[in-house]
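See below for the structure under consideration.
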Amino acid sequence: MTAFWDFLYESASRSRQPLLLGEGTCTAQNILDLAAIARTELAACRQRRIGLLFRPAAGSLAALRWFEAAEVDVFLMDASLSESAVAQLAHQLHLAAVVRTHPESAHLTSDTDSTWQVQPFPFQDEASGNSSVTILTSGTSGQPKAATHTWPSLARPVRIANSPHQTWLLTYQPHLYAGLQVLLHCLLNHASLVVLPVAASPEEITLQMVTHRVQYVSATPSYWRRLLLFAPRSQLARTPLQQITLGGEVVDQAILDELKSVFPNTRLAHIYATTELGRCFSVTDGIAGFPATLISGPSADGVELRIVANELQVRSANAMAGYDTISKQANRWTADGWFQTGDVVELVGDRYYFAGRQTDMINTGGNKVYPFQVEQVIRQVSGVRDVRVFGQASSIAGELVACQIVSQPEQTPDALRSAVLAHCRQHLERYQVPRMIEFVEHIELTTSGKTRRT
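Residue numbers (this note's numbering): 275 to 728.
Structure below.
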């Protein structure tokens, strides 16, 4: 199967189970029925560059089906964007229109209700003719990049499972690569995907995991830390999880060990993927980093890895077609076809460990500090529940190392601050030791579930 139509038709013909559960419950057949309506209501979008404020709802999926047939180049956008942000992106990307979807699109009862709202913009650039899908990269800092894929390149990494009906939880935003991968997995495997409100609390999340009997969850390490910190352990123990997947951020040993302790019978995997490259590799041995043997040659999936000046570089059969031509992104490909990921690794024994991203690096007085490495040390201090390290602007040093800490309730700020500084001075270089420490109730995450670095 190579087309979005194929995915929907196969799912509708093979399964009567809901594709989406929770907010906007619907089946694949509901989506196909709506796609027939989209043919009329979205006819003006044919062969144009169109933005879609993408929700995990029937209306958005039906629009994708029609856009593919109409040779639309679709740009997936965050459904929560403000009017001004939508307009800015539309002008940057030369979009002919931006389409909004009603959140309850599968169950509208009034003839006056419209599934879609189309906001036109003054651009009439013709589409490429490839029915491309462009994803804006998530990142933790800087401007998003517009990575153009096709449905075959997006579906290629999806594994077809031999297990009975699966139920997944959606933790990533659906317009991002990771969320789209989970959605495609459920489509191709005739599985169900539980969709929760964006602002759902850890308690609400785990309650719905129990209610819907969720078996599979893919999320960032930061998302898992939040669940482990604030969700009742008794409720977590009742979730019938069969597999936990971590991705989107560096996975440290502490989070792997804690997840194994809370879910001893659950398979753990951490995955390396990027919007530009697709899925590259996964590790299931319960150890942070990845074996050096992965560098030895191409994988069965057509992925090659190499290390150049401590940076991971990749060639992948799952890669995007390129950055969108109008958005004019900087070229990150080498002359011989390797993608420069910006992820820094260190070889320790027979294993590579991630140090952090070049874009997250703090430059303090000419010294390079990777926040993840400092966070690892701070997490070792008794009384620290969670931590975020980031750069604070300084007129003298350029940037200072700063951190936010979530403490155990019984800890006093002064005592914990002293303990953290003493431990950092013992285990870090002087320039890596935080100069500013703030205590907070929780660590703020980006909309993609990652720890914010700016």
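The beta carbon of each residue, even a glycine, is placed where N, CA and C say it ideally should be.
Check: First and last residue of the beta strand (DSSP E) that includes Y627?
Finding: By one-based count along the sequence shown, residue 627 stands at place 353. Note, Y627: beta strand (DSSP E), 625-631.
Next item on the list: Could you check which residue in C319, A593, Q527 has the C-alpha nearest to that of Q391?
Entry: Counted from its first residue, the sequence shown places residue 391 at position 117. The shortest C-alpha separation from Q391 is found at C319.
Item checked: Segment limits, alpha helix (DSSP H) that includes K534 -> Along the sequence shown, read from residue 1 onward, the residue named residue 534 stands at position 260. Element bounds for K534: 527-536.
Notebook entry, point to check: Looking at the structure shown, is H486 part of a helix, part of a strand, or coil, going by DSSP?
Noted result: Counting from one through the sequence shown, the residue named residue 486 turns up at place 212. Residue state, collapsed to three classes: coil.
Check: Do P431 and R553 come within 7 Å of each other at the CB atom, strictly closer than that value?
Finding: Position 279 of the sequence shown holds residue 553. Position 157 of the sequence shown holds residue 431. In this structure, P431 lies closer than 7 Å to R553 by Cβ.
Next item on the list: Specify, as a first and last residue, the run of the beta strand (DSSP E) that I652 falls within.
Entry: Position 378 of the sequence shown, counting from 1, holds the residue named residue 652. I652: not part of any beta strand (DSSP E); member of the alpha helix (DSSP H) spanning 645-653, first to last residue.
Check: Do you know offhand how far F713's Cα is from L501's?
Finding: Translated into positions along the sequence shown, residue 713 becomes position 439. Translated into positions along the sequence shown, residue 501 becomes position 227. Whole-angstrom Cα-Cα distance: 19 Å.
Next item on the list: Excluding the 5 residues preceding and the 5 following F555 in the sequence, name in chain order all residues of the same chain whose CB lies nearer than 7 Å to its CB.
Entry: Sequence index remark: in the sequence shown, residue 555 carries index 281 (1-based). Excluding positions up to five away in sequence, the list reads Y546, F564, L568, S573, V577.
Item checked: Simplified DSSP state of M275, which is helix, strand or coil -> By 1-based counting over the sequence shown, the position of residue 275 is 1. Residue placement at M275 is poorly supported in this model, since its pLDDT is 44, which falls under 50; the coordinates still yield a value, given next. Here M275 sits in coil by DSSP.
Next item on the list: Would you be able to state if there are at least three C-beta pairs under 8 Å between the stretch 636-646 and the stretch 576-594?
Entry: Inter-segment contact for the stretch 576-594 and the stretch 636-646 is absent: fewer than three beta-carbon pairs are separated by less than 8 Å.
Check: Of the choices V536, S722, D526, P506, whose alpha-carbon is the least far from that of Q732?
Finding: The first residue shown for the chain is 275 and the last is 728, placing residue 732 beyond what the model contains.
Check: Just how far apart, CA to CA, sit P438 and A286?
Finding: Position 164 of the sequence shown, counting from 1, holds the residue named residue 438. Position 12 of the sequence shown, counting from 1, holds the residue named residue 286. For P438 and A286, the gap between their C-alpha atoms comes out near 17 Å.
Note to self: Buried or exposed for E550, going by 16 or more other Cβ atoms inside 10 Å?
What the structure shows: Position 276 of the sequence shown, counting from 1, holds the residue named residue 550. The residue in question, E550, is buried, as its Cβ has 16 or more Cβ neighbours within 10 Å.
Check: For V658, which residues of its own chain have a beta-carbon under 8 Å away from its beta-carbon, when the five flanking residues on both sides are left out?
Finding: For the purposes of this step, residue 658 is identified with residue 384 of the sequence shown, where counting begins at 1. Excluding sequence neighbours, V658 sits near I652, I679, V680, S681, Q682, L690, V694.
Note to self: In this structure, how does DSSP classify T411 when only helix, strand and coil are distinguished?
What the structure shows: Residue mapping note: residue 411 aligns to position 137 of the sequence shown, counting from 1. Of the three classes helix, strand and coil, the one that applies to T411 here is coil, per DSSP.
Checklist line | For F341, the three-state DSSP class (helix, strand or coil) | finding: Here residue 341 corresponds to residue number 67 of the sequence shown, with the count starting at 1. In the structure shown, F341 sits in a helix (DSSP, three-state: H, G or I).
Margin query: With H, G and I counted as helix, E and B as strand and the rest as coil, what does DSSP make of T615?
Written below: Here residue 615 is taken as the residue at index 341 of the sequence shown, counted from 1. Note: T615 maps to strand in three-state DSSP.
Checklist line | Backbone secondary structure at D280 - three-state DSSP | finding: Taking the first residue of the sequence shown as 1, we reach residue 280 at position 6. D280: helix per DSSP, three-state reduction.
Notebook entry, point to check: If you check the beta carbons only, do L533 and S722 fall under 7 Å apart?
Noted result: Taking the first residue of the sequence shown as 1, we reach residue 533 at position 259. Taking the first residue of the sequence shown as 1, we reach residue 722 at position 448. Against a cut-off of 7 Å, the Cβ pair of S722 and L533 comes out as no contact.
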